[in-house]
Amino acid sequence: MSLVFAGICSHAPGITGRAHMAEPALRDEFYAALRQMSAELHATKPDALIVVAAEHFANFFMNNMPAFALGMSDEYQGPIEDPEWLKIERRKIRGNAALSKRLIVEVMNSVDVAYAEEWKFDHGIMVPLHFLTPAYDIPVIPANINCQGPPLTPLHRAWAFGEALRHAADAVPERIALVGTGGISHWPATPDSGKVNEAWDRELLDRWSRNDRQALLSYTDVATYRDAGQGGFEIRTFISVAAAAGGRGTIHFSKPIPIFAVGCTVATMNIACRT
Amino acid sequence: MSLVFAGICSHAPGITGRAHMAEPALRDEFYAALRQMSAELHATKPDALIVVAAEHFANFFMNNMPAFALGMSDEYQGPIEDPEWLKIERRKIRGNAALSKRLIVEVMNSVDVAYAEEWKFDHGIMVPLHFLTPAYDIPVIPANINCQGPPLTPLHRAWAFGEALRHAADAVPERIALVGTGGISHWPATPDSGKVNEAWDRELLDRWSRNDRQALLSYTDVATYRDAGQGGFEIRTFISVAAAAGGRGTIHFSKPIPIFAVGCTVATMNIACRT
Amino acid sequence: MSLYGLQKFLYELNRDARVQERYRDDRAALLTQYPLTDEERAAIEAGDIGLIYVLGANGQLLMHFAAYLGMPWADYIKAMRDGIVTHGPVRAGVYTMTTGMDEKVAGV
Amino acid sequence: MSLYGLQKFLYELNRDARVQERYRDDRAALLTQYPLTDEERAAIEAGDIGLIYVLGANGQLLMHFAAYLGMPWADYIKAMRDGIVTHGPVRAGVYTMTTGMDEKVAGV
Ligand SMILES: [Fe+3]
Ligand SMILES: [Fe+3]
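Protein chains in written order, with our numbering: chain A, 1 to 275; chain B, 1001 to 1275; chain C, 2001 to 2108; chain D, 3001 to 3108.
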């Protein structure tokens, strides 16, 4: 039927895996914002949830690194990481292969997405699901953008991917929800882990909330790396959501939690009519 | 510097693997046309040869099926098949990772290609190389289009890929040659193996030679399957070459050789100035 | 999902010497790694090329399995034809639309 | 090509229980399957997280190897810092531009 929900959130593995090491009040405020987003998501009664995640070398490697990928299976698994490490139990997650295929065929008209008939979700999808669909009651369609192994997907193509997802969502009879997940500035899994550039994050989220296409696409990878770390490359997932929703965003939570190695973010965006 | 050569040819494994079972005069006429194409190719003094091949499940599978892929390695191997079966010895083939990367970055501006830092060439690349660069004296950059596992790459995106390759070739200082390989109508590896629809092939090659974009893109997969078999889906590689070269084509050889399971084709296209 | 498992087995057997080794030495354990129906597993165990074709495996995967089993080209083509006679039309995959089998156009 | 081999080893170890089994039982043979320099092979054999970081492995691969070796998060961060002190700046990969290491922003 249409895109019925659009949001973004963080996915760092520390959010669940190192929960016990965080300042409790700050952590719980963040968790509450995620739960509030979960309620808003469910209120739109989606038939499927597309999660646009960032490459972490869980399913794909440089022997065949897709710029974009979409899952096409009735069932996925996750987490691929040690469940003890992530503190999320391993389980099966329902998908919808037939719906995936119809969406992929639509997307392929403008964006050359790789399709994947199996997919082991990593923290990039499991952490968001853990909070947004804790009962795993909405079929998931995973999507991926290469934010990790250069040559990275260009930002303007991430925008095109969002537009293609929107067209596809509007072309199928189902109600589709969309969540983009990624860090903003962060230096995950490096000696600088925990560092956050708050000013850079504020500026990024301001551009995102205003849905300022030109400003969002004006970042270069060199400047992003300098100011926001290699984790900053994950802004591609947020850019896709802005392109898909087309409306204005509302930031529900945005504070650094250093032990989670990221400025934790929860935001939603209203769905504008397509022009 | 620019695209300096563009051509197309068949790649069926029978061309080498079942050579002894073919009618000698017909086979030798076909081989001579391939050797003539090799001479024309070498005369343009290319620094690298991009081979646009068709998916055969040698390197990629439905767990991550790229619409388009490009190799990014200094060295490849082939054939992945039993060398006895293909009657081509296994060997290393020189690539050029740095050049690949520059081309990929250019292509990615408009086409979302997967990159691959390793690649085992199958008959789709080894059979053409066996005739076109028998001394393996030109570095190869492999490219792939999904013509095999639905959802297949749309024809208009194959055209866009050819345009992107042309832009990329014109953007680098090296001299680039381009060969697209595929069958036209054929039913490879089925009980109908050996069947060829000569009228359909003539029409396809006519559209290709005239570089008639609209006519080339008007095929539907349903009609192609009906008239030209699942092997007909490989017209995508020929379409990419037409888009890249932009000129008129010359058919040097086009005759069915049933034991090779394909209407054997050798053709070149002149390189038009980009508009 | 099941044709997916059958084809993935063929894909990995075709390209991976270690999988070929396990196919020889430890076949049952190897096959438990793929989501297969009993019919698919039995067809693989028996090297029944005709049935695997009818089950929908793509020929770009299947022809190498036939070659791996030592089957000459003509026998491979015949096995697919016999498969259709014995088991009926192709049930899944890209060949489900394949029609007549009365022509022997390849001459084998 | 060599960092590629190092990272591919980490990728396959992270996601494949059979590779983990061979890592325990038959490490030397397993490692011959990857194109590795002597330094890379020795770093893997020794579980030298600091050196592997300096050699350029992506943290999205390396952090799971550290966890697999039983290394707590704080030790993993420290091992990378120590690696830079011992072996100098990161030599390849996306972290070659990484700068100072005087901040302990994660508090570990
Ligand atoms: Fe991430
Ligand atoms: Fe082919």
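Don't be surprised by glycine CBs; every beta carbon is placed ideally from N, CA and C. Since the model is a prediction, treat every value here as computed from it, not as a measurement.
Can you name the start and end residues of the beta strand (DSSP E) that Ser-1209 of chain B belongs to? Translated into the one-based positions of the second sequence, residue 1209 of chain B becomes position 209. First-last for Ser-1209 of chain B: 1198-1209, but that is the alpha helix (DSSP H), not the beta strand (DSSP E).
Under a CB-based cut-off of 8 Å, is Ala-1115 of chain B close to chain A? As a first step, residue 1115 of chain B must be located in the second sequence, where it is residue number 115. Residue identity differs from the one stated: residue 1115 of chain B is Tyr in this sequence, not Ala. Yes, because at least one Cβ of chain A sits closer than 8 Å to the Cβ of Tyr-1115 of chain B.
Using a Cβ cut-off of 8 Å (strictly closer), state whether Met-3101 of chain D contacts chain A. Sequence index remark: in the fourth sequence, residue 3101 of chain D carries index 101 (1-based). Confidence is the limiting factor: at Met-3101 of chain D the pLDDT is only 49, short of 50, which leaves the residue's position unreliable and the question unanswerable from this model.
Taking all protein chains shown into account, decide if Ile-2042 of chain C is buried (16 or more other Cβ within 10 angstroms of its Cβ) or exposed. Numbered from its first residue, the third sequence carries residue 2042 of chain C at position 42. Note that residue 2042 of chain C corresponds to Ala in the displayed sequence, not to Ile. The residue in question, Ala-2042 of chain C, is exposed, as its Cβ has fewer than 16 Cβ neighbours within 10 Å.
Going by Cα to Cα distance, which pick from B:Ala-1053, B:Thr-1016, B:Pro-1024, B:Arg-1027 is closest to Gly-1183 of chain B? Taking the second sequence and counting its residues from 1, the one referred to as residue 1183 of chain B is at position 183. Selected option, being the one with the closest Cα: B:Ala-1053.
Per-residue contacts from Thr-1190 of chain B into chain C (C-beta, under 7 Å): Within the second sequence, the letter at position 190 stands for residue 1190 of chain B. Under the 7 Å cutoff, chain C gives Gly-2059, Met-2080, Tyr-2095, Thr-2098.
Among B:Arg-1207, B:His-1252, B:Thr-1190, B:Ala-1245, nearest to Gly-2050 of chain C - alpha-carbon criterion: Reading the third sequence from its first residue, position 50 is the one you call residue 2050 of chain C. If we check each option's Cα against that of Gly-2050 of chain C, B:Thr-1190 comes out closest.
Would you verify that the beta carbon of Met-3063 of chain D is, or is not, closer than 8 Å to some beta carbon of chain A? As a working mapping, residue 3063 of chain D is identified with position 63 in the fourth sequence. Taking Cβ atoms only, chain A reaches closer than 8 Å to Met-3063 of chain D, which makes this a yes.
Just checking Pro-1150 of chain B against ligand 2 - is the residue's beta carbon closer than 7 Å to any of the ligand's heavy atoms? Locating residue 1150 of chain B in the second sequence gives position 150, counting from the first residue. For ligand 2, not one heavy atom lies less than 7 Å from the Cβ of Pro-1150 of chain B.
Between the stretch 63-72 of chain A and the stretch 190-204 of chain A, do at least 3 Cβ pairs fall closer than 8 Å? no
Measure the C-alpha to C-alpha separation of Pro-1256 of chain B and Thr-1181 of chain B and round it to an integer number of angstroms. Counted from its first residue, the second sequence places residue 1256 of chain B at position 256. Counted from its first residue, the second sequence places residue 1181 of chain B at position 181. Distance between the alpha carbons of Pro-1256 of chain B and Thr-1181 of chain B is about 16 Å.
Under 7 Å, CB to any heavy atom of ligand 2. Which residues pass, going along the chain? B:His-1011, B:Ala-1012, B:Ala-1054, B:His-1056, B:Gly-1124, B:Gly-1182, B:Gly-1183, B:Pro-1188, B:Gly-1231, B:Glu-1234
Determine the extent of the beta strand (DSSP E) in which Met-269 of chain A is found, giving its start and end residues. Here the question's residue 269 of chain A lines up with position 269 in the first sequence. 262-271 is the extent of the beta strand (DSSP E) around Met-269 of chain A.
Cβ of Tyr-2023 of chain C within 8 Å of any chain B Cβ: Position 23 of the third sequence holds residue 2023 of chain C. For Tyr-2023 of chain C, the answer is no, since every Cβ of chain B falls outside 8 Å of its Cβ.
According to DSSP, simplified to helix, strand and coil, what is Glu-3039 of chain D? Taking the first residue of the fourth sequence as position 1, residue 3039 of chain D is located at position 39. Helix at Glu-3039 of chain D.
Taking the alpha-carbon positions, what's the Thr-1224 of chain B to Val-105 of chain A distance? Translated into positions along the second sequence, residue 1224 of chain B becomes position 224. Translated into positions along the first sequence, residue 105 of chain A becomes position 105. Approximately 18 Å, taken between the alpha carbons.
Under the criterion of a Cβ to heavy atom distance below 7 Å, does Leu-103 of chain A qualify as lining ligand 3? Ligand 3 is absent from the structure shown, which contains only ligand 1 and ligand 2.
One or two residues paired with Pro-1024 of chain B in a DSSP bridge: By 1-based counting over the second sequence, the position of residue 1024 of chain B is 24. Answer by DSSP bridge pairing: none, since Pro-1024 of chain B is not bridged.
Which residues does DSSP pair with Arg-91 of chain A in a beta bridge? For the purposes of this step, residue 91 of chain A is taken as the residue at position 91 of the first sequence. Paired residues: A:Gly-78.
Within the 8 Å Cβ cut-off, does Gln-1148 of chain B reach chain C? Within the second sequence, the letter at position 148 stands for residue 1148 of chain B. Yes - at least one Cβ of chain C is within 8 Å of the one on Gln-1148 of chain B.
For Tyr-3011 of chain D, I'd like the list of residues in its chain whose CB is within less than 8 Å of its CB, leaving aside the five on either flank, ordered along the chain. To locate residue 3011 of chain D, count along the fourth sequence from 1; it is residue 11. Within the same chain, Tyr-3011 of chain D has close Cβ partners Leu-3061.
Within the 8 Å Cβ cut-off, does Ile-1104 of chain B reach chain A? Mapped onto the second sequence, residue 1104 of chain B falls at position 104. So yes, Ile-1104 of chain B belongs to the interface.
What does Ala-3067 of chain D touch in chain A if you count any residue whose Cβ is under 7 Å from its own? To locate residue 3067 of chain D, count along the fourth sequence from 1; it is residue 67. The contacting residues are Asp-82, Trp-85.
Measure the beta-carbon distance from Arg-1017 of chain B to Leu-1086 of chain B and round it to whole angstroms, keeping in mind my assumption that it falls under 8 Å. By one-based count along the second sequence, residue 1017 of chain B stands at place 17. By one-based count along the second sequence, residue 1086 of chain B stands at place 86. The residue asked about is misnamed: residue 1017 of chain B is Gly in this sequence, not Arg. Sure, about 5 Å apart at Cβ, within 8 Å.
The beta strand (DSSP E) with Leu-49 of chain A in it runs from where to where? Along the first sequence, read from residue 1 onward, the residue named residue 49 of chain A stands at position 49. Taken as a continuous stretch (DSSP letters only), the beta strand (DSSP E) holding Leu-49 of chain A covers 48-54.
Shortest alpha-carbon distance to His-123 of chain A belongs to which of A:Arg-210, A:Val-51, A:Ala-32, A:Arg-213? Mapped onto the first sequence, residue 123 of chain A falls at position 123. When each option's Cα is compared against that of His-123 of chain A, the closest is A:Val-51.
Tell me whether Ala-1043 of chain B is buried or exposed, calling it buried when 16 or more other Cβ atoms sit within 10 Å of its Cβ. What you label residue 1043 of chain B is simply residue 43 of the second sequence in a count that begins at 1. Ala-1043 of chain B should be labelled exposed.
By the 10 Å Cβ neighbour count, where 16 or more other Cβ atoms means buried, how is Thr-3099 of chain D classified, buried or exposed? Sequence index remark: in the fourth sequence, residue 3099 of chain D carries index 99 (1-based). Confidence is the limiting factor: at Thr-3099 of chain D the pLDDT is only 46, short of 50, which leaves the residue's position unreliable and the question unanswerable from this model.
What are the residues in the stretch 1053-1083 of chain B lying within 9 Å of chain A by C-beta distance? Asn-1059, Phe-1060, Phe-1061, Met-1062, Asn-1063, Asn-1064, Met-1065, Pro-1066, Ala-1067, Phe-1068, Ala-1069, Met-1072
Would the stretch 1027-1035 of chain B count as touching the stretch 1106-1116 of chain B if we require 3 or more Cβ pairs under 8 Å? no
In its own chain, which residues sit with a C-beta less than 8 Å from the C-beta of Glu-1075 of chain B, not counting the 5 before and 5 after it? Indexing the second sequence from 1 puts residue 1075 of chain B at position 75. Taken in chain order, the residues that qualify are Lys-1092, Ile-1093, Arg-1094, Gly-1095.
Nearest to Asn-1135 of chain B (by Cα), restricted to the options B:Tyr-1219, B:Ile-1176, B:Asn-1064, B:Arg-1035: Here the question's residue 1135 of chain B lines up with position 135 in the second sequence. Looking at the sequence provided, one finds Ala at residue 1135 of chain B rather than Asn. That would be B:Arg-1035, whose Cα lies nearest to the Cα of Ala-1135 of chain B.
For Gly-1149 of chain B, which of helix, strand or coil comes out of DSSP? Numbered from 1 along the second sequence, position 149 holds the residue referred to as residue 1149 of chain B. Note: Gly-1149 of chain B maps to coil in three-state DSSP.
Does the stretch 137-152 of chain A come into contact with the stretch 2027-2043 of chain C, if we say contact requires no fewer than three beta-carbon pairs (one atom in each stretch) closer than 8 Å? no
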